[in-house]
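Going by the working numbering, the first residue of the sequence shown is number 5, and it counts up by one from there.
Ideal Cβ placement from N, Cα and C applies to all residues, glycine included.
First the structure, in the form of structure tokens, and then the observations on it.
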Amino acid sequence: MNGSCRPSIRLASAPMNTRSVRLARWFPFLDWPRPDRHTLTGELWAGITVGLMVIPQGVAYAGLAGMPLVTGIYASMLPALVAVLWSSSVRLSVGPTALSCLLVSSSLVDLASPGSAHWVDLAVWLALLSGLTQVVLGMVRFGWLLNVVSSPVLMGFTQAAAILILASQIPALFGFRSGWSRMIAHPDLHALAAAFGIAALAALVIARRFAPRFPAVVLVVLAAAGLSALVGFEAGGGRVVGALAAGLPALHVPSALPWATFGELVVPVLVITLVSFLETASSAKVDSQRGGKRWNQDQDLIGQGLAKIASGLCGAFPTSSSFSRSALNLYAGAKTGWATIVSVAVVLLALLFLTPVLHQVPQSVLGAVVVAATYGLLKPSAFARVWRISRVEAAIAAVTFAVTVLSAPNLYWGVIAGMLMSLSHFLYQRLHPRIVEVGLHPDGSLRERARWQLPPLAPRVYAVRMDAALDFASAADFERVLTEHLGNAPD
């Protein structure tokens, strides 16, 4: 009786399992574990912590992208919700990041005026197109394209971008009312704004040093808003955040692009797609290792792409995964995606009821927020570490760094230059693989004859090992080595 029942049970359960796998492929959140009371406590604290941190950061990063400041809050809400529902790495904090915002501003600086309606439309197109690209790549399982951008290229670009971000915030941080060009020719320092900026930066640096898990940025911004209102900072000519639109964002449908403008966005879209996903990879790999699971890069491509599309439809800019906020989320106790749900709820409440609080925040404090979040990216020792490992990879990183800085604001040339150097080095290695003669070692293995002073494998036998597959790329070099040996061998 029992034996006859087993086949029918297995046959009946197989389609159900197949359907579950297919549903989980399209709706990953269906695989979330049901949280218990203990888990929810950690999720609640982590979500509140990250939510309080992302609000002032989002406003500051929107300014870096040249967008209306409220769009930074928009980019911290619906995109984060969409990403956590459709990504495999559910503990990542998705929203505005310094690197993605710098790429937006550098891509559009020659096409529109920052903050204008045309600028906003172009930023929305960047979000929609880069998001669509990521979704398509994820659906066709092209996550392996991540390997096109090597670690030295990413390192060189990140170091250069960090320097450019810090340089762009110096005028605002020290209270200058204009950018670099006018600041040098006609300095217009606002002393009180500089005091706000320097004090805020000092407080954030100290907090990061002694309380890295505490969202000190919230207290700094709120304290700055209160002091600004108390001393009449805005009335005295100081630049403040100003009025932010309260309420949910409206659906934003950008105007159609001329073909010429569309063509100018192609390269920036591809660079944003690659760089933002590399940002995601740096956080997702850590998350996967700590969670003891394999990273599904294709599913994360889909989730990140849908988040960008959601951001564009909100009238915001391309989003990405923030390494610092994701780390804070993990440290605060997040185990599942419920922490992000809580974080989104915190941002929603702030958008509905707390935007007037941000009105009096000095712009110099926003500059301090960006600087405090960015200076951690600067790691000069990384170049020395790469140099000790590989001179060629160190050269690739250095060229990427130099081209990125020198080509500013067209930063994508740095990534392109680094990728071309990496691919050239890869092709050279494939065309000229290392080929050595091997002999029999006393331990029974085949090893390099010259290094281990071994006899030939057998009389009149030339045994070689090539560190590459024998194909059209390596065949010519392989033939050359054999021909040279036969030409030098005695009869």
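- One thing to note: Ala102 has its Cβ within 8 Å of the Cβ of Val374.
- DSSP, read as helix, strand or coil, puts Gly341 in coil.
- With a contact defined as Cβ atoms closer than 8 Å, Gly179 and Gly201 qualify at about 6 Å.
- With respect to Ala69, Ser315 sits apart: the two C-beta atoms are not nearer than 8 Å.
- Closest in alpha carbon position to Ala229, among Arg298, Gln138, Lys383 and Pro366, is Pro366.
- Close CB contacts of Ala412 within its chain, under the 7 Å cut and outside five residues either way in sequence, are with Ser110 and Leu168 (chain order).
- A Cβ-Cβ distance of about 11 Å is found for the pair Val403 and Ala164, leaving them out of contact under the 8 Å criterion.
- Around the beta carbon of Asp471, fewer than 16 other beta carbons lie within 10 angstroms, which makes this residue exposed.
- The shortest CA-to-CA distance from Ala199 to any of Leu96, Gly371 and Glu47 is the one to Gly371.
- Annotation note: the region 42-118 contains the following uninterrupted alpha helix (DSSP H) runs of length 4 or greater, listed N- to C-terminal: 74-78, 82-90 and 102-112.
- CA-to-CA, the gap between Leu85 and Ala79 works out to about 10 Å.
- In terms of Cα proximity to Phe482, the closest of Ala493, Gly448 and Arg434 is Arg434.
- Here Gly179 carries a coil assignment [DSSP, helix/strand/coil].
- Within the region 351-393, the runs of alpha helix (DSSP H) at least 4 residues long that lie entirely inside it are, in chain order, 367-378 and 385-393.
- Among the bridge pairs identified by DSSP, Val468 is matched with Glu441.
- About 11 Å separates the beta carbon of Ile52 from that of Val351, a gap too long to meet the 8 Å contact definition.
- In terms of Cβ geometry, Val139 and Gly309 form a close pair [threshold 8 Å].
- Burial is judged here by how many other beta carbons sit within 10 angstroms of a residue's own beta carbon; Ala239 has fewer than 16 and is exposed.
- Between the alpha carbons of Glu441 and Trp30 lies a gap of roughly 52 Å.
- Within its own chain, the residues whose Cβ lies closer than 7 Å to the Cβ of Val244, once the five positions on either side in sequence are excluded, are Ser232, Phe237, Glu238, His363, Gln364, Val365, Pro366 and Gln367, listed in chain order.
- Between Thr277 and Ser426, the C-beta spacing is not below 8 Å.
- For Arg484, the secondary structure class from DSSP, reduced to helix, strand or coil, is helix.
- Within 10 angstroms of the beta-carbon of Glu488 lie fewer than 16 other beta-carbons, which makes it exposed.
- In terms of Cβ geometry, Ser154 and Arg329 do not form a close pair [threshold 8 Å].
- A residue is called buried when at least 16 other Cβ atoms come within 10 angstroms of its Cβ; Asn333 meets this threshold and is buried.
- Burial of Leu141 is indicated by the presence of at least 16 other C-beta atoms within 10 angstroms of its C-beta.
- Straight-line measurement puts the Cα of Pro460 at about 7 Å from the Cα of Arg453.
- In the three-state reduction of the DSSP assignment, Leu223 falls in the helix class.
- According to DSSP, Leu193 shares a beta bridge with Phe180.
- When rounded, the separation of the alpha-carbon atoms in Val271 and Tyr416 is 7 Å.
- For the 8 Å CB-CB criterion, Val407 and Ala421 form a contact.
- One thing to note: Met57 has its Cβ no nearer than 8 Å to the Cβ of Phe321.
- Judged by beta-carbon spacing, Val224 lies within the 8 Å limit of Ala207, meaning their Cβ atoms are closer than that value.
- Taking a C-beta distance under 8 Å as the contact criterion, Pro37 and Val390 do not qualify as a contact pair.
- In the DSSP assignment, Ser287 is bridged to no other residue.
- Distance from Gly319 to His256 at the Cβ level is roughly 3 Å; contact confirmed, criterion being Cβ atoms closer than 8 Å.
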